[in-house]
Amino acid sequence: DLHGAILRAAGHLSAKETCDLQDGQIERLVEAINSKVLSAKNGTDSALLMEASLACLSVLSSKCSFVLDQDTRLKLIRVTDARDSWTTLISATTATELLARQLTEEELSDFIVGPVLQKTLRPLFSRHSSRITASGRPSQYSTAGDRSRMFEEVPTWKDEAPWAETAIQWAVNMSTPALIQQHWPLFTPVLLALVENESIDVKSRGLEILASFVAKCPGQVLQNTGIGRVFEDATFPMLLYLPSVTPEEQSTAVLSPAYDVLTTLAKSSEGFENPERRRLLDKALRNGIFAGHFHASQYSRIVQVLMQKTASVVNCLGIYSIKHLKVRRLYKIKKTPPDRTNLNKAPPFNDLVDHDRSFRDRASSHCCRCDTSIKRHYCQLLASNSTN
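Every position in the sequence shown, counted from 1, becomes a number in my numbering once 7 is added.
Below is the structure:
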């Protein structure tokens with residue numbers, strides 16, 4: 008029994024104060040774990056076997072001076088996320104700690120750039136997004152929103168390498184801003200492939216990884232290279248994944264990380280007065296939050312996400328968010344056409360706002376779900392409505 012043999016090996020090593028195995032024995036043990044466990048088809052039944060194998064490698068690493076080969080290190084990356092079905096929280100933690108002990112800072116950078124990005128992930132995502140070139144840089148002639156390529160070939164990486172998402176996530180988490188600044192084109196094909204994937208689960212996870220990447224990527228790289236605008240164009244369509252076309256649960260899974268990507272992109276432009284920062288956040292409010300609330304205001308979970316992200320966007324805009332607090336956003340326009348003889352005059356407030364109780368009830372219900380700053384603006388509008 009492989010599971011029992013590995014547990015006995017780990018127990019034997021743990022009972023010894025020092026490692027009593029010879030180099031050849033250690034190599035054969037590591038090779039057996041690599042070929043029999045780490046290389047096996049992953050599934051829920053192998054999770055406990057993976058825990059035992061990683062525990063054995065951890066004991067070897069702590070008591071015996073040995074260096075894992077590159078292939079074993081790459082396979083350890085596959086089990087660093089506890090959300091995957093083939094691993095557990097214990098396995099993910101053990102694998103992460105084991106890699107940290109095996110790689111120095113210099114070795115870590117070389118390992119991420121070479122074996123992980125260039126040799127492992129890049130061949131899997133050779134059919135790059137139309138938004139970027141084959142080298143990972145922004146394309147000057149890309150057609151935004153072109154979905155014709157999705158029917159050309161079904162991506163095979165999900166069948167051949169379901170661990171690819173975990174690998175790029177580990178690479179982003181372990182990368183420094185300096186490494187990303189120097190090698191950012193190696194990340195972009197994988198990130199865009201995940202974000203533009205048709206699977207909601209892959210898309211949601213891709214947006215989470217992209218938000219982490221943007222947070223680490225220096226602002227000058229995002230702005231000077233144009234890759235920030237590429238990420239923006241790829242993310243904005245996700246804001247319209249709304250019910251009833253998209254199920255409410257899937258919609259919330261996409262909306263939250265999508266807004267995180269946009270607010271992080273905006274923060275890369277320092278200063279509230281920065282026009283690029285204001286442009287992006289204004290667009291997020293108008294084309295995202297306001298449009299989403301208009302189309303899906305009857306879905307409580309959607310409204311909750313939108314209100315939470317409204318607070319984040321308003322905090323990023325600062326004083327420049329005041330223009331979005333105009334009362335006309337809460338107007339209930341009459342169906343009768345306006346008087347075209349006075350087009351230059353603003354219509355009276357009482358002609359635009361419905362003063363019945365339902366207006367106050369709807370606004371109050373949204374007020375209860377808002378953050379403090381948004382709640383204060385709603386209350387001010389309600390008070391103004393009452394006095395008029």
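Idealized CB from N, CA, C, for every residue including glycine.
Presumed contact (8 Å Cβ cut-off) between residue i and residue j, rounded CB distance
i	j	result
residue 220	residue 261	Not quite, the Cβ-Cβ distance comes to about 17 Å (not below 8 Å), so this is no contact.
residue 26	residue 71	4 Å
residue 105	residue 68	6 Å
residue 328	residue 264	22 Å between Cβ atoms; not a contact.
residue 74	residue 109	7 Å
residue 239	residue 201	Not confirmed; about 16 Å, so no contact.
residue 226	residue 277	7 Å
Buried or exposed by the 16-neighbour rule on C-beta atoms within 10 Å, applied to residue i
i	result
residue 23	exposed
residue 77	exposed
residue 258	buried
residue 426	With the chain covering only 8 through 395, there is no way to say anything about residue 426.
residue 58	buried
residue 215	buried
residue 130	exposed
residue 242	buried
residue 305	exposed
residue 275	buried
residue 107	exposed
residue 176	buried
residue 326	exposed
residue 213	buried
residue 295	buried
residue 267	buried
residue 185	exposed
residue 92	exposed
residue 160	Note that residue 160 scores 47 on pLDDT, short of 50, meaning its location in the model is unreliable; the coordinates nonetheless yield the value given after this. Residue 160 is exposed by the Cβ-count criterion.
residue 128	buried
residue 163	exposed
Distance, residue j Cα to residue i Cα
i	j	result
residue 4	residue 53	The first residue shown for the chain is 8 and the last is 395, placing residue 4 beyond what the model contains.
residue 272	residue 251	29 Å
residue 11	residue 39	14 Å
residue 308	residue 165	30 Å
residue 203	residue 17	43 Å
residue 124	residue 182	12 Å
residue 89	residue 168	17 Å
residue 247	residue 121	37 Å
residue 61	residue 293	50 Å
residue 230	residue 236	8 Å
residue 14	residue 81	23 Å
residue 79	residue 198	24 Å
residue 228	residue 300	33 Å
residue 222	residue 44	35 Å
residue 171	residue 330	43 Å
residue 187	residue 119	10 Å
residue 297	residue 112	45 Å
residue 290	residue 41	50 Å
residue 244	residue 66	48 Å
residue 322	residue 311	17 Å
residue 19	residue 46	24 Å
residue 254	residue 206	13 Å
residue 174	residue 126	12 Å
residue 303	residue 313	10 Å
residue 9	residue 232	52 Å
residue 117	residue 189	12 Å
residue 208	residue 256	11 Å
residue 400	residue 96	This structure does not reach residue 400, given that the chain is present from 8 up to 395, and the question cannot be answered.
Cβ-heavy atom distance, residue i to the ligand MN, below 6 Å
i	result
residue 108	What this structure holds is no ligand at all, so the ligand MN is not there to describe.
| message | Contact between the stretch 303-318 and the stretch 276-285 is defined here as three or more beta-carbon pairs at a separation below 8 Å; is this criterion met? | response | no
| the stretch 190-205 / the stretch 97-115 touching (three or more Cβ pairs under 8 Å) | A contact is defined here as three or more CB-CB pairs under 8 Å, and the stretch 190-205 fails this definition with respect to the stretch 97-115.
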